[in-house]
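> Heads up, the sequence shown is in the numbering used here, so the first residue is 4 and it goes up one at a time.
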Amino acid sequence: MSATDPAVAAPPTLPQIFLAFSKVGLTSFGGGLSGWMMREFVQQRRWLSESDFLSGLALAQSFPGVNVVNLAIWIGFRLRGGPGALLGGLGITVPPMLVAIAAAALFARLAQSHGLHVAMAGVAAAAAAVGVSLQTGLRAARRALQGWAPAAVMGVTFAAIFLLRLPLLWVVGVMAPLSIGIAYSRLRRRERQA
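(1) Is proline 86 helix, strand or coil by DSSP?
(2) Whole angstroms is fine: what's the gap from serine 54's alpha carbon to leucine 113's?
(3) Under the assumption that leucine 74 contacts serine 37 (Cβ atoms under 8 Å), give the Cβ distance between them as a whole number of angstroms.
(4) Do valine 72 and isoleucine 104 have their C-beta atoms within less than 8 Å of each other?
(5) Please return the same chain residues whose Cβ sits closer than 6 Å to the Cβ of valine 177, not counting the five positions on each side in sequence.
(6) Using a Cβ-Cβ distance cut-off of 8 Å, determine whether serine 65 contacts chain D.
(7) How long is the line joining the alpha carbons of leucine 82 and leucine 60, rounded to whole angstroms?
(8) Check valine 174 in the structure and name its three-state DSSP category.
(9) Going by C-alpha to C-alpha distance, which of Asn70, Val102 and Arg48 sits closest to serine 58?
(10) Classify phenylalanine 66 as helix, strand or coil using the three-state DSSP reduction.
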């Protein structure tokens, strides 16, 4: 640990490792999870020093597979050996996988729903600001931006998450319905004009 790293907290328990990685997996959207993991495990929980985290990130990127899963396994191993590695890997993958399976099953049932298509169009404006990759975010923004209202939603979402550092789920919980409402009203207006 370098002189600039804050003191590292006591090692967590195995359930704490699983729950922490589950939280990261369930509350992180659109990529850039290594940044979320650094904030969670270095800055907030202080389970690792910044230099240890960055060493682990470099190692995780040098192996095949998904970088954040590799990193979760490395962090878990660093904290509690083999059992920690197993729970870190399971925590980052299993809970979001279960949510994705449930969402896929729900979407399959609602695939022909007009309301679902409107909702997904509305979510696009809020989701565009969530992406950490600038290129991906700009491409999504070009598709989602069709007037000042979606641009305002995107700007407020970006500011809330990245500048004010509000919890992602709260921001999406507020902005997604607003964005859906905007998309729905625009769609209705276009239908009336046609």
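Beta carbons: idealized from backbone N, C-alpha and C, even for Gly.
Predicted model only: the values in this text are computed from it and were never measured.
Well, looking at it:
(1) helix
(2) 47 Å
(3) 6 Å
(4) no
(5) none
(6) As a matter of chain content, chain D is missing from the structure shown, which is built from one protein chain.
(7) For leucine 82 and leucine 60, the distance between alpha carbons rounds to 15 Å.
(8) helix
(9) Asn70
(10) In this structure, phenylalanine 66 counts as coil in the three-state DSSP scheme.
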